[in-house]
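Chains as they are written, first to last, in my numbering: chain A, 30 to 145; chain B, 87 to 199.
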Amino acid sequence: EAGVAQSPRYKIIEKRQSVAFWCNPISGHATLYWYQQILGQGPKLLIQFQNNGVVDDSQLPKDRFSAERLKGVDSTLKIQPAKLEDSAVYLCASSSQAGVRYNEQFFGPGTRLTVL
Amino acid sequence: AQSVTQLGSHVSVSEGALVLLRCNYSSSVPPYLFWYVQYPNQGLQLLLKYTSAATLVKGINGFEAEFKKSETSFHLTKPSAHMSDAAEYFCAVSLFGNEKLTFGTGTRLTIIP
Chain A
30 EAGVAQSPRY
40 KIIEKRQSVA
50 FWCNPISGHA
60 TLYWYQQILG
70 QGPKLLIQFQ
80 NNGVVDDSQL
90 PKDRFSAERL
100 KGVDSTLKIQ
110 PAKLEDSAVY
120 LCASSSQAGV
130 RYNEQFFGPG
140 TRLTVL
Chain B
87 AQSVTQLGSH
97 VSVSEGALVL
107 LRCNYSSSVP
117 PYLFWYVQYP
127 NQGLQLLLKY
137 TSAATLVKGI
147 NGFEAEFKKS
157 ETSFHLTKPS
167 AHMSDAAEYF
177 CAVSLFGNEK
187 LTFGTGTRLT
197 IIP
């Protein structure tokens, strides 16, 4: 089965510019996550979707970050305007169903963002 | 709230030697615990998980971890290191009913030939 796909793999922008990342989860996976991984730190959850509804966005900087998951499949994460501290790897993950005993999260390769 | 602490941001071991990566957790309720591995320019791959079944958990690539409630620990071990084990390792915790993962800061494992 195909894994979680993300694009682009790398992105370099100037501060105050806008950027968008795309994620295609594993087919049939209802839950989708976006994590931010700053160099030297562990991934931090930004937002969790269950189908096309938001379950948790408590750590999403909503003044500049937005995310959507249209039709409960693909998802886009946007940053507008970008700041230097947004330089990080943005990881997308998906799992088959939330609310049961445990569902493994499968991670994509990530998008490395550099803000200059 | 739950959290994990990984002791040692960098660990070096000789090829063939024991690998020990330390993880301590904090959780108000029985947690689920995980170890993930991340190779350069790749996403995270699940090594093993503890979900309140056996306390000694065996994972892929010869790794295992033991859940010790009295010590709030979930250390990762491998009897004999291989060059291919060089990577970054993350310990993570989640709670039943919400798969949100809280990660530690990671340990970079270097294997010395």
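Using N, Cα and C, we set each Cβ at its ideal position, and we do this for glycine too.
Every value quoted in this text rests on a predicted model; they were computed, and no experiment measured them.
Looking at the C-beta of residue i, does it have a partner C-beta in chain A at a distance below 8 Å?
i: residue 186 of chain B; result: yes
i: residue 176 of chain B; result: yes
i: residue 190 of chain B; result: yes
Answer yes or no: does any C-beta atom of chain B fall closer than 8 Å to that of residue i?
i: residue 71 of chain A; result: yes
i: residue 143 of chain A; result: no
i: residue 85 of chain A; result: yes
i: residue 133 of chain A; result: yes
i: residue 140 of chain A; result: no
Since residue i sits in a beta bridge, which residues does DSSP pair it with?
i: residue 142 of chain A; result: A:40 and A:117
i: residue 96 of chain B; result: B:194
i: residue 108 of chain B; result: B:93
i: residue 118 of chain B; result: B:180
Please say whether residue j and residue i have beta carbons closer to each other than 8 Å?
i: residue 84 of chain A; j: residue 111 of chain A; result: no
i: residue 48 of chain A; j: residue 136 of chain A; result: no
i: residue 193 of chain B; j: residue 97 of chain B; result: yes
i: residue 63 of chain A; j: residue 76 of chain A; result: yes
i: residue 120 of chain A; j: residue 72 of chain A; result: yes
i: residue 176 of chain B; j: residue 124 of chain B; result: yes
i: residue 136 of chain B; j: residue 160 of chain B; result: yes
i: residue 149 of chain B; j: residue 164 of chain B; result: yes
i: residue 146 of chain B; j: residue 169 of chain B; result: no
Please report the straight-line C-alpha distance between residue i and residue j, rounded to a whole angstrom.
i: residue 74 of chain A; j: residue 101 of chain B; result: 35 Å
i: residue 151 of chain B; j: residue 93 of chain B; result: 15 Å
i: residue 138 of chain A; j: residue 126 of chain B; result: 10 Å
i: residue 61 of chain A; j: residue 82 of chain A; result: 10 Å
i: residue 40 of chain A; j: residue 46 of chain A; result: 12 Å
i: residue 101 of chain A; j: residue 104 of chain B; result: 45 Å
i: residue 129 of chain B; j: residue 87 of chain B; result: 26 Å
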